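Right, one structure below, let's go through it.
Residue numbers (the working numbering): 5 to 405.
Right under this line is the structure:
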């Protein structure tokens, strides 16, 4: 039985609003029960956040854009599939981040701003090579609209506490060396339009930290759950794993020395929720990453992958792919070439070039005393790869190893 949403979807758009006029009002410190607005619930991290928030008894409203084959309520129900939680406990607002006020009319917008005490903005277009102007609609303009919501909440709701914004550690782009949590600006460029737009969006958020209570979270490469490797089929790294698992020559062109910073989804979600309960974290930025000493060389990643896939994978230097394999593939039919290389090209900068490493000083300090710690990277990676193989990358029920 479908449970009516607490806020009805209202399709008519309203003008964009500006920041509140009372920029000097002090930020409240958690005087009432939170009413959390969560975006991105149909994504991998958003689903885990929703599951944990509901398990803690939080009152959650999800802002969801209707899909092509399912309405907003159905998409939230699907996000909770496999959990013991009742989707009817979750309120749903049907709206579009790309539109001012999410396309809500004045009544719907006013109700949203009056009831929301916390915003967790997790939604993003995570496709690496979308045209810049298209990906900016969600990743930059959408963030601007969420900031406007936070400003409206501060203006109309004395119980509004904060905006928790999910960025990415890879706003560091093509930087090398160690990126700290307090740094953003650099001139190294970006590996794709996803990184660029997330950098642009974080700049918007930082520009309004003086007037809005906001904390920034930067996950690195998010994999499955730490204990059993469970992941959804939309896990961002699954397409790359499929390429390697089906590589007929059992050879992987890669820069074996470059580093991969991998984190389990439950660690990221639990860390974000814990930090979001800390008033002192407002104004801060936190790398939810493995960090130096816990990141993994790509060579070691490939060797572990070979062990789990039960094949010996030979690591080839990047020039072999660029000078030999790619030209060879071009001799095949165009459809075969595009199918064989499209996914690989999206990940090339991460496996051929040097990747940044991440300081986690702020995050470790904020999590001190919570009992939340980054698990051993190799152990949870093996669990994730095993789950991927056993479920055919999320397309089948798990089987015994």
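Backbone N, C-alpha and C fix where the C-beta goes; we use that ideal spot for every residue, glycine too. Just so it is clear, the structure is predicted and the values come from calculations on it, not from any experiment.
- Measuring C-alpha to C-alpha distances from residue 327 to each of 273, 315, 189, 257 identifies 257 as the nearest.
- Taking one beta carbon from each stretch, the stretch 372 to 390 and the stretch 302 to 320 have 3 or more pairs nearer than 8 Å; the two touch.
- The stretch 287 to 296 makes no contact with the stretch 54 to 74: fewer than 3 CB pairs, one atom from each, lie closer than 8 Å.
- Unbroken beta strand (DSSP E) runs of no fewer than 3 residues, entirely contained in the stretch 268 to 292, are found at 289 to 292, following chain order.
- With a cutoff of 8 Å on beta-carbon distance, residue 174 and residue 230 are scored as not near each other.
- The beta carbons of residue 195 and residue 181 sit no closer together than 8 Å.
- If you ignore the 5 residues before and after residue 364, its C-beta comes within less than 7 Å of the C-beta of 291, 293, 295, all in its own chain and listed in chain order.
- Remark: three or more beta-carbon pairs, one from each stretch, lie closer than 8 Å, so the stretch 116 to 131 and the stretch 150 to 167 are flagged as touching.
- Between residue 76 and residue 96 the beta-carbon gap is near 5 Å, inside 8 Å, which marks them as a contact.
- According to the DSSP assignment, residue 198 belongs to the alpha helix (DSSP H) that extends over 197 to 211.
- Looking only at 66, 393, 62, the smallest Cα-Cα distance to residue 245 is reached by 393.
- DSSP places residue 388 in the uninterrupted alpha helix (DSSP H) bounded by 381 to 394.
- Taking C-beta separations shorter than 8 Å and ignoring five residues to either side along the sequence, the partners of residue 366 in its chain run 185, 186, 288, 289, 290, 291, following chain order.
- Bounds of the alpha helix (DSSP H) holding residue 157 are 146 to 160.
- The residues 287, in chain order, have a CB closer than 8 Å to that of residue 213 in the same chain once the five nearest residues on each side in sequence are set aside.
- Assignment of residue 397 by DSSP, reduced to helix, strand and coil, places it in the coil class.
- According to DSSP, residue pairing for residue 97 in a beta bridge involves 67.
- Per DSSP, the unbroken beta strand (DSSP E) holding residue 122 starts and ends at 122 to 125.
- With contacts defined as CB atoms closer than 8 Å, residue 102 and residue 145 qualify as a contacting pair.
- Straight-line spacing of the CA atoms in residue 227 and residue 192 works out to 26 Å.
- For residue 117, the secondary structure class from DSSP, reduced to helix, strand or coil, is helix.
- Spatial neighbours of residue 249 in its own chain (CB-CB distance under 6 Å, excluding positions within 5 residues in sequence) are listed in chain order as 313.
- For residue 56, there is no enclosing beta strand (DSSP E); the enclosing alpha helix (DSSP H) has its first and last residue at 48 to 59.
- Judged by DSSP secondary structure, residue 43 falls within the beta strand (DSSP E) whose first and last residues are 39 to 43.
- In summary, residue 332 is exposed, with fewer than 16 beta-carbon neighbours lying within 10 Å of its beta-carbon over all protein chains present.
- Shortest Cα-Cα distance from residue 52 to any of 38, 78, 82, 243 involves 82.
- Annotation for residue 242: 235, 392, 397, 398 place their beta carbon closer than 8 Å to its own, counting only its chain and skipping 5 residues before and after.
- Of the candidates 109, 239, 198, 85, 239 places its Cα closest to the Cα of residue 48.
- One Cα belongs to residue 281, the other to residue 133, and the distance between them is close to 35 Å.
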